[in-house]
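Numbering (the numbering used here), first residue to last: 201 to 699. Glycine is no exception: its CB is placed at the ideal position from the N, C-alpha and C atoms. To start, the structure itself, in structure tokens.
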Amino acid sequence: MSSLVQSVDWLAIAPPTLAAVVGLVVLVADLFVGDARKAVLGWVSVAGLAASALLLLPLLDGDRATFCLTGDADACSYVADRFTLVVQLLVLGGALLAALLSVTALKDADKELPEGEYWFLLLSSAAGAALLPASRDLATLIVALEVASLPAFALVGIRRGDRKSSEAALKFFLSSVTATAVSLMGVSFVYATTGTLHLTRIADRIQHVDGQFHTLAQTGVVLTLVGFAFKTAAVPFHFWVPDTYVGAPLPIAAYLSVVGKAVGFSGLILVTVIAFPSYADVWGPALAALAALTMTVGNVGALRQRSTRAYSAVRLLAWSSVGQAGYLLVPIASAAYSKDAQKAIGSTVAYALMYAAVNLGAFAVAALVARTSPLNRISDYRGLYARNPLSALVLGFFLLCLAGLPPGIIGLFAKVTVFSAVVDAGLGWLAVVMAVNVVIALFYYLQWTTLLFRAPEGEPGTHRVPAPLTAAIALTAVLGVALSGAPQLILRFSETGLF
């Protein structure tokens, strides 16, 4: 009789486990640390996220798997392959930069934000987000999705007595719970037709579903994708984004814009390419339509932002992130039609890495401007070059990267890889839609960029940049410039190894 006891590869699960453990340590330590020393909790959290990211290095020597079915080494619940490590680096790196922004935000909040709870929730969400790309069964995927999401709801509404923050958290919570409920129904349909939750087994069994259950299996495939489409902010699951980003503390908006999308697109990749490749005729057209709709609605929404409206800078970044989600979905949809699905998925990962670096950088500069202009209007950025030349140059570079214009070579390179994927897949109409949207996006990105270098109204003030904020802006700027100098590195690094 074979043993039912599973051996655990502790090194493989170390990155998300360490983030979770540090979160618990910070929560307990908060009970014993006096108000004057609460900042220590932030630096412990930053160190914990950095250590979690460093634990990815020992895993580079080869694929690892754990929590496997006894007698079937191919059916595992946790796999640390190349795809997993790249997405975990993106997630933990994004969480680390959001943590650096949070150190300054919590200090400026002057006890309006509960520090112990804040850091516990951020680390818990990061642990769930790092677990998701390694998940290889539907149950673990849904659990990881919820572990990443539930603390995020609390973080959005963590400002005490702030009506705007509470409203944003409620809208985010209700829409997310609805999407998760729909996904769970889809998972139950898939399980009913295949009798398994492991992705590799589903891929084999779903091809041989009885004819009478074929419609049930198709419905399960579509409904399972809904929860992950919500996390990527794909239209029509996007309506929570602008209000949530405005209501949340700015570092949390930055976190959701990058780590939330990483969770969504990695989940979509796993369920479509690994579990449902035989149903590509179902999810391929659905994701292609979602991609076209998402990039169009996102870019038009960003174009309509008035520069003098309160929080218009954050709203523009929110709508821009919806548009960028459309570009991220394009290669995943292309994988349904492409002969080389590996290359298509690699394009999504490459684009996500570029987007993460420059979007976090843009939010970091927005956090700097918000210290002297709390309403964070686009018009507040007029003459930023006269007040803080380096910040203006860096923000201009980030915006040009998002637009895909030189000197933001990495943005141009990422868009070209996505175009290449969609053309190789034969989706000419989607390539045309994407080209039109890139032109629309050029307008509002360039409009904001030119505003940075115009003459300031009144006397130019000075921005004092705290050390954590300086570190976040510098890290993202160095990363963006380095990758613009050698953009081929990001594509080589993003080879997924899923097949």
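Item: Using a Cβ-Cβ cutoff of less than 6 Å, which residues in the same chain neighbour F699 once the five nearest sequence positions on both sides are dropped?; Value: Residue confidence is low: F699 scores 47 on pLDDT, short of 50, so the model does not pin down where it sits. Its coordinate-derived value is still stated next. These residues qualify, in order along the chain: Q542.
Item: Have a look at P531, F563, Q505, A592 and flag the residue whose alpha-carbon is nearest the alpha-carbon of A468.; Value: Sequence check: residue 468 is Leu here, not Ala. Among P531, F563, Q505, A592, the Cα nearest to that of L468 is on P531.
Item: Excluding the five sequence neighbours on either side, which residues of its own chain have a C-beta within less than 6 Å of the C-beta of W319, listed in chain order?; Value: V226, L241, S245
Item: Just mark S324 as buried or exposed, buried being the case when its beta carbon has 16 or more other beta carbons within 10 Å.; Value: buried
Item: Exposed or buried, which one is F643 when buried takes at least 16 other CB atoms within 10 Å?; Value: exposed
Item: Rounded to whole angstroms, what is the Cα-Cα separation between A513 and R363?; Value: 20 Å
Item: Which residue's Cα is closest to the Cα of L651: L599, F613, V678?; Value: L599
Item: Just curious, the alpha helix (DSSP H) that L584 is in, first and last residue?; Value: 584–587
Item: If we count the other Cβ atoms within 10 Å of its Cβ and call it buried at 16 or more, is E315 buried or exposed?; Value: buried
Item: In three-state DSSP terms, what is A298?; Value: helix
Item: If we ignore side chains and look at the alpha-carbon of each, how far apart do F476 and A403 end up?; Value: 6 Å
Item: If distances are taken between C-alpha atoms only, which option among W519, R509, L493 comes closest to L503?; Value: W519
Item: Within the same chain, show all residues whose beta-carbon is closer than 6 Å to that of A212, passing over the 5 residues directly before and after it, in chain order.; Value: R264, T266, A280
Item: What did DSSP end up calling M201 once you bin it into helix, strand or coil?; Value: Confidence at M201 is low in this model, with a pLDDT of 39, below 50, so the placement of that residue is unreliable and no value is reported for it.
Item: Just verifying my parser: in three-state terms, what is the DSSP assignment at D362?; Value: coil
Item: Do the CB positions of P216 and L256 come within less than 7 Å of each other?; Value: no
Item: Please return the same chain residues whose Cβ sits closer than 6 Å to the Cβ of S252, not counting the five positions on each side in sequence.; Value: P215, L218, A219, L292
Item: In angstroms with no decimal places, state the Cα-to-Cα distance between A247 and T304.; Value: 16 Å
Item: From the DSSP output, which residues share a beta bridge with T266?; Value: Y278
Item: Y645: which of L397, A354, L602 sits nearest, CA to CA?; Value: L602
Item: I need the DSSP call for H408, collapsed to helix, strand or coil.; Value: helix
Item: If distances are taken between C-alpha atoms only, which option among L370, S365, W483, R405 comes closest to A448?; Value: S365
Item: What residues in its chain sit with their C-beta under 7 Å from that of P607, if we drop five residues either side in the sequence?; Value: F597, L600, S684
Item: Nearest-angstrom Cα distance between V426 and V382?; Value: 7 Å
Item: Note down, in chain order, each residue of its chain lying with its Cβ closer than 7 Å to the Cβ of A655, except the 5 sequence neighbours on either side.; Value: G583
Item: As an exercise, report each continuous alpha helix (DSSP H) stretch of at least 4 residues that is fully enclosed by the segment 436–496, in chain order.; Value: 441–447, 450–455, 461–469
Item: Report the residue from S507, H438, V390, L669 whose alpha carbon sits nearest the alpha carbon of T649.; Value: S507
Item: Mind checking whether L289 and A250 have CB atoms under 7 Å apart?; Value: no
Item: Taking buried to mean at least 16 other C-beta atoms within 10 Å of its own C-beta, is Q688 buried or exposed?; Value: exposed
Item: Compare the C-alpha of A641 against each of L528, A369, G523, K431 and name the closest.; Value: G523
Item: Secondary structure at D624, three-state DSSP: helix, strand or coil?; Value: helix
Item: Hey, is F413's beta-carbon within less than 7 Å of any beta-carbon in chain B?; Value: No chain B appears in this structure, which consists of one protein chain only.
Item: Using C-beta distances below 7 Å, list every residue in its chain close to T396, excluding the 5 sequence neighbours before and after it, in chain order.; Value: I402, R405
Item: Taking the alpha helix (DSSP H) that N559 belongs to, which residues open and close that run?; Value: 541–570
Item: Thinking C-alpha only, which one of L456, G501, L470 is nearest R732?; Value: The question about residue 732 has no answer, for the chain in this structure spans 201 to 699.
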